[in-house]
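Residues 1472 to 2247, numbered by the numbering used here, are exactly what the sequence shown covers, in order. Right, one structure below, let's go through it.
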Amino acid sequence: MTLVLYLLTALALLALAHRFVTPLSRAAAIVLVAMPLLFVGYALVTGGVYAPIDHPYQSEPLAALKGEYGIGAPHNIAVTDIYSQMLPWRRVVQESLARGEWPLWNAYNLCGHLLAAGAQAAVFSPFTWIACLLPAAQSFTFTAAIAFFAAGLCAFLFARELELSECASLIGAAAWLGSTSIVLYIEWPLGFASACMPLVMLAARRIVTAPTVRSAALLTATLTLVLMLGHPETLLHVVLLASAYAVFTMIRLRIAPMRPIVTALVAGLVALALCAIQILPMRKAIAQSAEYEYKVRVWSHEDRAAPRTQMLAYLATDLFPYLYLRKWEVPELPPLRAESFAVGSIALALAAFAVTRRRGDTWFFVASAIACIAVAIAWGPAANALQHFPLLDITHNERLAFAAAMFLAFLAAIGAEEALRAPRAAALPCGIVLALLAAGTWWLTQHVRLAPLPNDWGTYRIHAELGFLAAAALLFAFTRTRAALPLLLGLLLAQRTISESGAHKTFPAHAAYPHLALFDSLANIREPFRIVGLKYALIPATNVYYGLEDARGYDAVTYMGTGRTFPLWCQHQVVWFNRVADLTRPFLSFLNIRFAVAADDAPVPNGWRKVAAMPGSMLLENANVIPRVSVPKRVRLGGTPEQQLAEMLQETDFRDRMWVDAATPAPERVNGPGSIVLRERSRRGMYRFDADMQGDGWVVVSDTAWNGWRAYIDGRRVKSTRANLAFVSVFVPRGRHDVRLVYLPESFVRGRAISAVTLIALAAFALTRARSARSA
């Protein structure tokens, strides 16, 4: 099923490219479809899971099943985000679509969290919708395959736009598709969005050379696609680079700028309108996040320059790939970034050859590659210069390494085309690059000591880099026929496969989150509850695949108030999830944490009891859990977040007292009393309950108070407020009332309307043009 879905989607994309962008030969189409199989083929054919589902097995409760499912040590320690974020997001999106709901809310992590507005779940991407036809874990095999295909297709189309031959264009496609960053990040939104960057460059060139409605439509479509793929930073980078390329092309070809600029602006505005359903909620959410506050106040003012030794290590890692993702012991260095501009020694030699030939676009690609590399390796003047520009000052600009790899791939395609005309001349740069890399490899092996290899892939990188480059040099030296380029393509693909294909491992589908008897007793509990793992148990996001809601989580965007509560219940980690180390903290009960998973040799804390066990793990139940919707006995109104936190740290039972935001502080007061009967609850972000209040008071729901909650009392809209620093509350007057809370942000409603109107207008415009064309 996965293979069939990939082939059908790839063929559809080929048909669209052939019809609306550039005609392709059948041979080129076959090669483009086949290239991703070098990385994902085994998983596609076997129906396996091309994703790091081995990591959750490293702790309780799955650790006891490692032998049964053939799971060993973690295959790649750099893929934390995939199993902690992307895999669970896909499952939540899939559930939302199955229920016929907009995928706005993730009830499973961080006490309720954004889904669509966080962008990276890519809920509006057509590729996400297609992937959701498969089981969630297996869907990442499709995602990786189609992202690899998109990378190859987009690079091929751009090279053809440069009027290169199909074979040379395929070499550029192979260099980009097999570049180190694309391979590693292929299952991240960053990787998929970056894979499509060449198409934005193509559209920018078309806008300049042929500023027509067709070109504008292409630019609109590509900008919309890149944004919907879930990584706005990538869109920012590629728009800046494409704009620079458009200006360069206008100057080089002496094209009057007015019409291309107007066409580009119209295309960009239409793309923004189409994406309003994503942009408006995302913009609103970012402003509420702890990460945005930190980046604006602190991170944007920090020095971006790396120490000289570290900067040289970044550079060496990309030129000598056996160093990639390795820990340096001598000289001792902190862990190096995973973003890389490496495209392999063959592509590097071809790029060097392209520099020696005179072609119109070469110098832009060379200058852009150098500039992007300078930023990526944190060379002070380049990296700090970007700190002076809005948006770029809060952007991870080291990810321009992707753009550097893209420009090197373009240069490799140009070099391959030129090598067809002068093969012996191409042998010289291949030989020089080979000699330099061989000498550098020898020197590094003598002077740099690395920690033991943490994974079982990349073992033959040195052999692949040097051996296949030597073969390419010999090929150019002794082959003068047109067969040289197909043979060179084969060498390049073989090199990149041997060097990079092990970055991700294929696992059998049945190993993806197997049944756990430990959780069987939880299936019949009707009222909502949450679960946590003690220390590293039940790694967050694992819970999603068992239908369990967790208070912990790991996300690129965290609600500002949630971060403020961490001292009350968990240990904050700068990277990865917030760990619970003490189950006796009173705030855990407020968070509706009824169950916890722990190692079977851990002591049972006071207030908890053991209710189930399996080898290596036990399930504990909290006797003091507070219902998800509750009425505290007393409330304190107002005060700064710092004052509230200081007081909350002294609280021993949050049934007795909670803290509610108010414009002005007020003395502590009796709240209610009242009782709650929960009538309906949905994981899309909806609660409906009867509140029987003997006095006026606040009802508190331990769901995160992201902007967008709507409160209704007896059908009348009322204002909700925030309680306990980060959670939803609503003031309910005395009496018996029907109360409903729904997560439906106004920014989403407006964005949806703008996107819908734009889509209808575009459809009407296209229909009118089609009728006019038929009439003519």
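The C-beta atom is built at its ideal place from N, Cα and C for all residues, glycine as well.
Buried or exposed by the 16-neighbour rule on C-beta atoms within 10 Å, applied to residue i
i     : result
Y1785 : buried
I1433 : Past the edges of the chain, shown from 1472 to 2247, lies residue 1433, and the structure says nothing about it.
Y2025 : buried
I1748 : buried
Q1591 : buried
K1976 : buried
E1803 : exposed
F2160 : buried
T1833 : buried
Q1966 : buried
G1519 : buried
V1462 : Outside the displayed span of the chain (1472 to 2247) sits residue 1462, for which this structure offers no information.
S2246 : exposed
A2137 : exposed
A2227 : exposed
N2077 : exposed
Residues that DSSP places opposite residue i in a beta bridge
i     : result
G2004 : V2068
G2206 : M2164
L2090 : V2068, A2083
D2021 : I2002
F2198 : T2175, A2194
S2146 : D2163
H1584 : N1577
A2182 : V2189, L2212
Q2042 : R2050
S1760 : Y2030
W2169 : F2202
R2152 : Y2158
A2137 : L2108
M2129 : V2106
T1977 : Y1521
W1799 : L1921
S2101 : V2171
Whole-angstrom C-beta distance between residue j and residue i, which should lie under 8 Å
i     : j     : result
H1708 : A1874 : 6 Å
W2180 : S2173 : Their Cβ separation, rounded to whole angstroms, is 13 Å, which puts W2180 and S2173 out of contact at 8 Å.
Y1554 : P1597 : Not quite, the Cβ-Cβ distance comes to about 24 Å (not below 8 Å), so this is no contact.
M1506 : G1623 : 5 Å
A1602 : S1610 : 4 Å
L1509 : S1972 : 6 Å
A1880 : A1646 : 4 Å
A2241 : C1582 : Wrong, their Cβ atoms sit about 50 Å apart, outside the cutoff.
S2101 : V2028 : Between V2028 and S2101 the Cβ distance is about 27 Å, and since that is not below 8 Å, they are no contact.
A1630 : A1639 : 7 Å
C-beta atoms of residue i and residue j nearer than 9 Å
i     : j     : result
A2176 : V2203 : no
Y1795 : A1818 : no
L2230 : L1745 : yes
L1641 : A1499 : yes
A1522 : T1473 : no
R1830 : E1889 : yes
M1557 : M1877 : no
P1559 : Y1540 : no
A2083 : L1989 : yes
A1425 : A1621 : The displayed coordinates of the chain run from 1472 to 2247. Any statement about residue 1425 would go beyond what the structure contains.
V1511 : A1608 : no
R2155 : E1572 : yes
P1660 : A1713 : no
L1790 : A1840 : no
A1738 : L1670 : no
F1824 : G1886 : yes
T1614 : P1979 : no
Q2115 : N2195 : yes
L1821 : P1900 : yes
E1998 : L2149 : yes
The ligand PLP heavy atom lying under 8 Å from the CB of residue i
i     : result
I2231 : The ligand PLP is not part of this structure, which contains no ligands at all.
Q. If we count Cβ pairs, one from each stretch, closer than 8 Å, do we get three or more for the region 1738 to 1755 versus the region 2210 to 2222?
A. yes
Q. Would you call the region 2123 to 2134 and the region 2050 to 2066 in contact, with 3 or more CB pairs under 8 Å?
A. yes
Q.
So, does the region 1726 to 1738 touch the region 1670 to 1686, judging by three or more C-beta pairs under 8 Å?
A. yes
Q | Cβ pair count under 8 Å reaching 3, the region 2038 to 2056 against the region 1558 to 1567 | A | no
Q) Would you call the region 2129 to 2147 and the region 2194 to 2211 touching, i.e. three or more CB-CB distances under 8 Å? A) yes
Q) Is it true that the region 2009 to 2022 meets the region 1530 to 1546, where meeting means three or more beta-carbon pairs spaced less than 8 Å apart? A) yes
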